[in-house]
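The structure appears below as structure tokens.
The following block contains the structure:
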């Protein structure tokens, strides 16, 4: 008999793989629509080349208004590229965790009898439920930290849609009003540590989503978490040091690990301190793979990094044991940097490729 432990269950390791094949998310059974609170990326269409006619072929499956229609059925509501806001972060975290799979233990169907499974499953379900909640909490916490200076509360959006006087009052009250796609502001009088901290608080997270249909009959372990949006893809763009380190979900772990490496005298290239665009957690629902969604989203982020952020390189990590992801990035012009974050405690993470593209 054997119990299979899944390698992907380490919560800190959830964000190690930039692209993965998530499990299909079950189709909702009810017709009750929820309110969509996300900010359309097309709102910033005038600031990006991605939505211009010249980008039509490069945009693949995404239209000029930022929408993706999964079929020829005119009655099916299209998905759209959105910037997430504060109230949407739980659903984004839920998508990431469900897609990666948070179950720590699976029973080997070939080596357990039906009776043995009945004996083991209650304890296994309890443990898997615990790891799932832990994973969700950490991913959500990390998203909130990395989005702290980017997200917009729904109440603020309503103010922004009103008069200029109310907008000024919101700013005076120090309410978060950032709702653009600008890069982190890094003035020259900032120390390097302050710049890294600023970057850690202004990631840009995009999702391809639409209003969801609630499933009142769900018996999932996630049933207590309301889902207002149906997400089929997500991605994150941030500025990161070029030291080949794979970022944790919680940014302070990165600082601790880099400080530990420095304390132990582990050498590093001085250029690794440069802060450059970094693409991470590109997730596409398995049901919608093969439609060039991932390729379109990569090109969208590249356009933001150049057109809006003013950079000329994009970095990312990709596992060589994930051929579809590796082939996607290579076909888009990404090349292995030839450098790895390889302190003695890195383990298998040191084998994950660190790639760059000149934009």
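Residue numbers (full-length UniProt numbering): 1 to 359.
For each residue, glycine too, the CB sits at the ideal point set by N, CA and C.
Just so it is clear, the structure is predicted and the values come from calculations on it, not from any experiment.
Query: CA nearest to the CA of residue 284, picked from 327, 333, 233, 329; Result: 233
Query: Cα-Cα separation between residue 299 and residue 334, rounded to whole angstroms; Result: 12 Å
Query: Cross-strand partners of residue 240 (DSSP beta bridge); Result: 276
Query: The alpha helix (DSSP H) enclosing residue 209, as first and last residue numbers; Result: Element bounds for residue 209: not the alpha helix (DSSP H) but the beta strand (DSSP E), 204-211.
Query: Cβ contact (3+ pairs, closer than 8 Å) linking the region 230-248 and the region 194-209; Result: yes
Query: Beta bridge counterpart(s) of residue 83 as assigned by DSSP; Result: 39, 206
Query: Own chain, CB closer than 7 Å to residue 301, minus 5 neighbours either side, in chain order; Result: 235, 237, 279
Query: Proximity of residue 92 and residue 135 at Cβ, strictly below 8 Å; Result: no
Query: Boundaries of the alpha helix (DSSP H) in which residue 263 is found, first to last residue; Result: 251-263
Query: Complete runs of the alpha helix (DSSP H) confined to the region 304-332 [at least 4 residues]; Result: 323-331
Query: Separation of residue 201 from residue 254, as counted between CA atoms; Result: 13 Å
Query: For residue 234, the residue or residues it bridges with in DSSP; Result: 207, 283
Query: Exposed unless 16 or more other CB atoms sit within 10 angstroms - verdict on residue 206; Result: buried
Query: Continuous alpha helix (DSSP H) stretch holding residue 357: start and end; Result: First-last for residue 357: 353-358, but that is the beta strand (DSSP E), not the alpha helix (DSSP H).
Query: Burial state of residue 277 (16 or more Cβ within 10 Å); Result: buried
Query: Local conformation of residue 336 per DSSP, three classes; Result: strand
Query: N-terminal and C-terminal residue of the alpha helix (DSSP H) that residue 192 is part of; Result: 192-199
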